[in-house]
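Undergrad:
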Amino acid sequence: AAPRDRSAAPSALLKEGAPLSPRADGGARFRRGLLIHGLLQRLPDIEAALRRDAARTWLASQGVGAAEADALAGEALAVIDDARFAHAFGPGSRSEQPIIGRVGAVQVRGVVDRLVIGAAAVDILDFKSDRPSPADPAKTPEGYVLQMALYRAVLSQIFPGRAIRCALIWTEKPVLAELPAAMMDAALAKLEKS
1 AAPRDRSAAP SALLKEGAPL SPRADGGARF RRGLLIHGLL QRLPDIEAAL
51 RRDAARTWLA SQGVGAAEAD ALAGEALAVI DDARFAHAFG PGSRSEQPII
101 GRVGAVQVRG VVDRLVIGAA AVDILDFKSD RPSPADPAKT PEGYVLQMAL
151 YRAVLSQIFP GRAIRCALIW TEKPVLAELP AAMMDAALAK LEKS
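When we follow this note's numbering, the leftmost residue of the sequence shown carries the number 1, and every step to the right adds one.
Structure (structure tokens):
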């Protein structure tokens, strides 16, 4: 029998108990992650000297106290100000980009935190605020690998001939963890068998 089509956000394809996107439950369980995502979405477009105050103002509007706001702002600004991540927040980068397409029998719909489209390569970057973040990319939660593999597969159809690179930015340290193509290929193969 032919496989039945599935339509889902990548997070909906995860097994029970796997890490979920901060967006998956409306935010109750992932408040901290949602707040950091909100800062990383808003602050790059603000002049550098004004970012910390803008972060505090936005966090206060979300009901966050001063001490927690300072900690969250510090974590987000550490990512934005880190030279290793400059391309993710520089000219030509895009925030919160919808991804819709088909990978085999799966209709994929999701949102990429940062997308950088270059002439030779496309970078997909997703922020993760889990604690502690894995020190080794091989220990990345399976669900996150599948999420990025699906995004990569969709974008490879849209941008044929360009390298599609996927990385997670772990906000706690901060650390950029590029996911190896073989790891993502294995995640897709496992999905196809399920």
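By construction, the Cβ of each residue, glycine as well, lies at the ideal position given by its N, Cα and C atoms.
Is P44 helix, strand or coil when you go by DSSP?
TA: helix
Undergrad: R52 lies in the alpha helix (DSSP H); which residues open and close that run?
TA: Boundaries of the alpha helix (DSSP H) harbouring R52: R51 to S61, taken from the DSSP string.
Undergrad: Near A182, what residues of its chain come up, given a Cβ to Cβ distance below 7 Å and the 5 sequence neighbours on each side ignored?
TA: none
Undergrad: Would you mind giving the Cβ-Cβ distance between V112 and I99, rounded to the nearest angstrom? I have them listed as a contact below 8 Å.
TA: 6 Å
Undergrad: Pull up the distance between the alpha-carbon of S21 and that of A189, whole angstroms please.
TA: For S21, the predicted model reports a pLDDT of 46, less than 50, meaning its position is unreliable and no value from the coordinates is stated.
Undergrad: Judging by CA-CA distance, which residue of L179, H87, R162 and L150 is the nearest neighbour of V108?
TA: L150
Undergrad: Which residue's Cα is closest to the Cα of E178: V103, F85 and P44?
TA: F85
Undergrad: Could you pull the DSSP bridge partners for E68 from this structure?
TA: Looking at the DSSP assignment, E68 forms no beta bridge with any residue, so it has no partner.
Undergrad: So, at 7 Å on beta carbons, what are the nonlocal neighbours of S156 in its own chain, with the 5 sequence-adjacent residues on each side left out?
TA: I164
Undergrad: Let me make sure I understand the geometry here. Which of V116, V122, H37 and C166 has the alpha-carbon closest to that of P137?
TA: Just measuring C-alpha positions, the residue of V116, V122, H37 and C166 sitting nearest P137 is C166.
Undergrad: From G74 to A121, what does the alpha carbon distance come to, in whole angstroms?
TA: 31 Å
Undergrad: Residues in its own chain within less than 7 Å of D25 by CB, not counting five upstream and five downstream?
TA: In this prediction, D25 has a pLDDT of 45, which is less than 50 and means its spatial position is unreliable; what the coordinates show is noted afterwards. Answer for D25: no residue qualifies.
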